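Participant: Protein chains in written order, with numbering that gives the first Met the number 0: chain P, 0 to 214; chain D, 0 to 214.
Below: one structure in structure tokens.
2 protein chains.
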Amino acid sequence: MSADSTVKRRRLEPEERRAEILAAARKLFDAGNYASVSTSDIAKAAGVARPLINHYFGGKRELYLEVVRQMMVVPAPVTESLPKTTREHRLAISVDRWLDVVERNKRTWLTAIGPEAIGRDPDVERIMLEADEIAADHVLEAALMTDIVEGREELRAMIRSYGSMLRAASREWLIRGTLGREDLRAFLTDSILHLLNVTYPKVLAATRDGRTPPE
Amino acid sequence: MSADSTVKRRRLEPEERRAEILAAARKLFDAGNYASVSTSDIAKAAGVARPLINHYFGGKRELYLEVVRQMMVVPAPVTESLPKTTREHRLAISVDRWLDVVERNKRTWLTAIGPEAIGRDPDVERIMLEADEIAADHVLEAALMTDIVEGREELRAMIRSYGSMLRAASREWLIRGTLGREDLRAFLTDSILHLLNVTYPKVLAATRDGRTPPE
DNA sequence: CAACGTCTTGACGGCACGTCAATAGCGTGT
DNA sequence: ACACGCTATTGACGTGCCGTCAAGACGTTG
């Protein structure tokens, strides 16, 4: 593929070479899991010697993290340039766009989100958390709730949790087929709306009543 | 620990030895991730020679799966012997028990559930899915909805998705502290109730309207 | 007490990863 | 055009981990 048998050695710009290796790694990690892919495989696929991986990425682990990071990029268009209408409408559009994006990039998204990454890996977890954080921001923005201050952290936490449900439900749709697209649309929009409009205030009230109020 | 330096070899019943190794493995996997724990470590901790692991479990992988399987056992008492009252009450009690169980076995549960899963491993995924299935049954039972037939699969899928949100929210509580116990209680009970009472019928209706009716 | 079953182990072979000094592209200056 | 130097690239080495297998030891049985 990338390795040309006629050329013994091609020397190229670090960035370029780095990108080649990364692409090969991404392709391979798409197919198998972390352990099943060896650095030799990656090197072979990229048409380079194995030590180059260490040279450019430090080690197999770092390379993998780079791949995960790249795959976790949250699709931006989901909450971009929404019409200035009601919260309901904006969220419904966002959900719809989400379904579009996921359906279009089905394979990539599934391998990216997977059941999840390498497993109990602090670094991978960090990447996921950062992605969740960004996603939560987008939701708040779509819901016209960016200036919420009371119980902001709690709200964000609940939205992050909702993100887990969204991913799980999307998997149900794409993999198991237990939910249809229309099911998902209704499910996800209704859930996020209820979360923001009803549950959130309710939680706020419950906290005030049952616990010590914040300082 | 388990290894007594005075005894050169102790020979004991397969079951017993198997259990010893499993316990040692569980303890170690609690601390680190799959890759960071070597079979040598486990063997040492169990006070046996490394090949015994292969003898009893086949290999490191199978041993690990056994540990996961054991840790994933869904706490049964959560939905056991609920009073025969309203759905609301029964679910509220279940949620409360869930919080109790999780809080009590905090460390074990966290390592069991991990960041969410183990990582693109078909076998591990299978175990998780089976656990989800059982959990969904429990929820249906607690909600007095065991005899639902219309859109049963869709409902179960939504409940499984809710399970992901529940786990994520529990992590928010135990690890990040962004949600308090009262927050969680209100959040989780309100969400599952809304899901069953409102979202589910709505999804059912949406599917009927927007899609071809089931055969 | 000797013989047997089987639980247990030491030793071997193979594979994957990281390191390092040595090699060879490719631009540069004369 | 040619030699030179920088650095991208690699072959070879060392280490660690896992699975296999035949040999050894423990406890039991006749």
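Every residue, glycine too, gets a C-beta built ideally from N, C-alpha and C.
What you are looking at is a predicted structure, and each value in this text was computed from that prediction instead of being measured.
Which of the three DSSP states, helix, strand or coil, is assigned to N53(P)?
Facilitator: Locating residue 53(P) in the first sequence gives position 54, where the first residue counts as 1. Note: N53(P) maps to helix in three-state DSSP.
Participant: Less than 8 Å separating the beta-carbons of L173(P) and K83(P)?
Facilitator: Counting from one through the first sequence, the residue named residue 173(P) turns up at place 174. Counting from one through the first sequence, the residue named residue 83(P) turns up at place 84. No, these two residues do not count as a Cβ contact at 8 Å.
Participant: Which chain P residues are close to H193(D), counting only those with a beta carbon under 7 Å from its beta carbon?
Facilitator: On the second sequence, residue 193(D) is found 194 positions in, with the first residue counted as 1. Per Cβ cutoff of 7 Å: H193.
Participant: DSSP three-state call for M157(D): helix, strand or coil?
Facilitator: In the second sequence, counting from the first residue as 1, residue 157(D) sits at position 158. Here M157(D) carries a helix assignment [DSSP, helix/strand/coil].
Participant: Please classify A30(D) as buried or exposed, where buried requires at least 16 neighbouring CB atoms within 10 angstroms.
Facilitator: As a working note, residue 30(D) is residue 31 in the second sequence. Exposed, since its Cβ has fewer than 16 Cβ neighbours within 10 Å.
Participant: What does L27(P) reach in chain D if we use C-beta pairs closer than 7 Å?
Facilitator: Looking up residue 27(P) in the first sequence gives position 28. Here the premise fails: no neighbours, minimum Cβ distance about 12 Å.
Participant: Pick out whichever of E12(D), D40(D), S93(D) has its Cα sitting closest to the Cα of A23(D).
Facilitator: Numbered from its first residue, the second sequence carries residue 23(D) at position 24. Of E12(D), D40(D), S93(D), the residue nearest in Cα terms is D40(D).
Participant: Could you tell me the boundaries of the alpha helix (DSSP H) in which A135(D) lies?
Facilitator: In the second sequence, the residue the question calls residue 135(D) occupies position 136. It spans 121-141 - the alpha helix (DSSP H) in which A135(D) sits, taken as one unbroken run.
Participant: Which term fits R155(P), buried or exposed, when burial requires 16 or more other beta carbons within 10 angstroms of its beta carbon?
Facilitator: Looking up residue 155(P) in the first sequence gives position 156. Per the 10 Å Cβ criterion, buried.
Participant: Restricting to Cα atoms, I'd like to know which of N32(P), G162(P), R184(P), V47(P) is closest to L11(P).
Facilitator: Numbered from its first residue, the first sequence carries residue 11(P) at position 12. Residue V47(P) is the option with its Cα nearest to L11(P).
Participant: Could you pull out every residue in the same chain whose Cβ sits closer than 6 Å to the Cβ of M144(D), ignoring the five residues on either side in sequence?
Facilitator: Along the second sequence, read from residue 1 onward, the residue named residue 144(D) stands at position 145. Close CB contacts of M144(D) within its chain, under the 6 Å cut and outside five residues either way in sequence, are absent.
Participant: If you measure from the beta carbon of S163(P) to each beta carbon in chain D, is any gap under 8 Å?
Facilitator: By one-based count along the first sequence, residue 163(P) stands at place 164. So yes, S163(P) belongs to the interface.
Participant: Distance, Cα to Cα, L178(D) vs G150(P)?
Facilitator: Taking the first residue of the second sequence as 1, we reach residue 178(D) at position 179. Taking the first residue of the first sequence as 1, we reach residue 150(P) at position 151. When rounded, the distance between both Cα atoms is 10 Å.
Participant: What residues of chain P sit near E153(D), judged by a beta carbon separation below 7 Å?
Facilitator: In the second sequence, the residue the question calls residue 153(D) occupies position 154. Under the 7 Å cutoff, chain P gives T177, L178, D182.
Participant: Would you say the beta carbon of L143(P) comes nearer than 7 Å to a heavy atom of the ligand SAH?
Facilitator: The ligand SAH is not among the ligands present in this structure, which contains no ligands whatsoever.
Participant: Could you give the DSSP three-state label for R20(D): helix, strand or coil?
Facilitator: In the second sequence, counting from the first residue as 1, residue 20(D) sits at position 21. Per the sequence presented here, residue 20(D) reads as Ile, with Arg not at that position. In the structure shown, I20(D) sits in a helix (DSSP, three-state: H, G or I).
Participant: Which term fits R133(P), buried or exposed, when burial requires 16 or more other beta carbons within 10 angstroms of its beta carbon?
Facilitator: The residue you call residue 133(P) lines up with position 134 of the first sequence. It is worth fixing the name first, because residue 133(P) is Ile in this sequence and not Arg. Its Cβ having fewer than 16 others within 10 Å, I133(P) is exposed.
Participant: With DSSP run on the structure shown, which of helix, strand or coil describes L109(P)?
Facilitator: In the first sequence, the residue the question calls residue 109(P) occupies position 110. Residue state, collapsed to three classes: helix.
Participant: Using only the alpha-carbon positions, how far apart do Y108(D) and A167(D) sit?
Facilitator: One-based indexing of the second sequence puts residue 108(D) at position 109. One-based indexing of the second sequence puts residue 167(D) at position 168. Inspection of the sequence shows that residue 108(D) is occupied by Trp rather than by Tyr. Approximately 12 Å, taken between the alpha carbons.
Participant: Can you tell me whether V148(P) is helix, strand or coil according to DSSP?
Facilitator: Within the first sequence, numbered from 1, the residue matching residue 148(P) stands at position 149. Coil at V148(P), not helix or strand.
Participant: Against chain P, with Cβ distances strictly below 8 Å, would D189(D) count as a contact?
Facilitator: On the second sequence, position 190 is the one that residue 189(D) refers to. For D189(D), the answer is yes, since a Cβ of chain P falls inside 8 Å of its Cβ.
Participant: Quick one: what does DSSP say V67(D) is sitting in, helix, strand or coil?
Facilitator: By 1-based counting over the second sequence, the position of residue 67(D) is 68. It is helical.
Participant: Starting from the C-beta of E140(D), find all residues in its chain whose C-beta is less than 8 Å away, skip the five residues before and the five after it, and write them out in chain order.
Facilitator: In the second sequence, residue 140(D) corresponds to position 141, counting from 1. Hits under 8 Å: T78.
Participant: Strictly below 7 Å CB to CB, what residues from chain D border A167(P)?
Facilitator: On the first sequence, residue 167(P) is found 168 positions in, with the first residue counted as 1. Going along chain D in sequence order, the residues near A167(P) (Cβ under 7 Å) are R159, S160, S163.
Participant: By the criterion of Cβ-Cβ separation under 7 Å, what are the contact partners of F186(D) in chain P?
Facilitator: Locating residue 186(D) in the second sequence gives position 187, counting from the first residue. Correct list: M157, T198, V202.
Participant: Mind listing the chain P neighbours of A135(D)? Cutoff is C-beta to C-beta under 9 Å, in chain order.
Facilitator: Here residue 135(D) refers to the residue found at position 136 of the second sequence. None at all; the shortest Cβ gap to chain P is about 11 Å.
Participant: Count the other CB atoms within 10 Å of the CB of T188(D); is the residue buried (16 or more) or exposed (fewer)?
Facilitator: Mapped onto the second sequence, residue 188(D) falls at position 189. With 16 or more Cβ atoms within 10 Å of its Cβ, T188(D) is classed as buried.
Participant: Less than 8 Å between C-beta atoms, sequence neighbours within five positions excluded: which residues of the same chain meet that for T198(P)?
Facilitator: Taking the first residue of the first sequence as position 1, residue 198(P) is located at position 199. Answer for T198(P): M157, listed in chain order.
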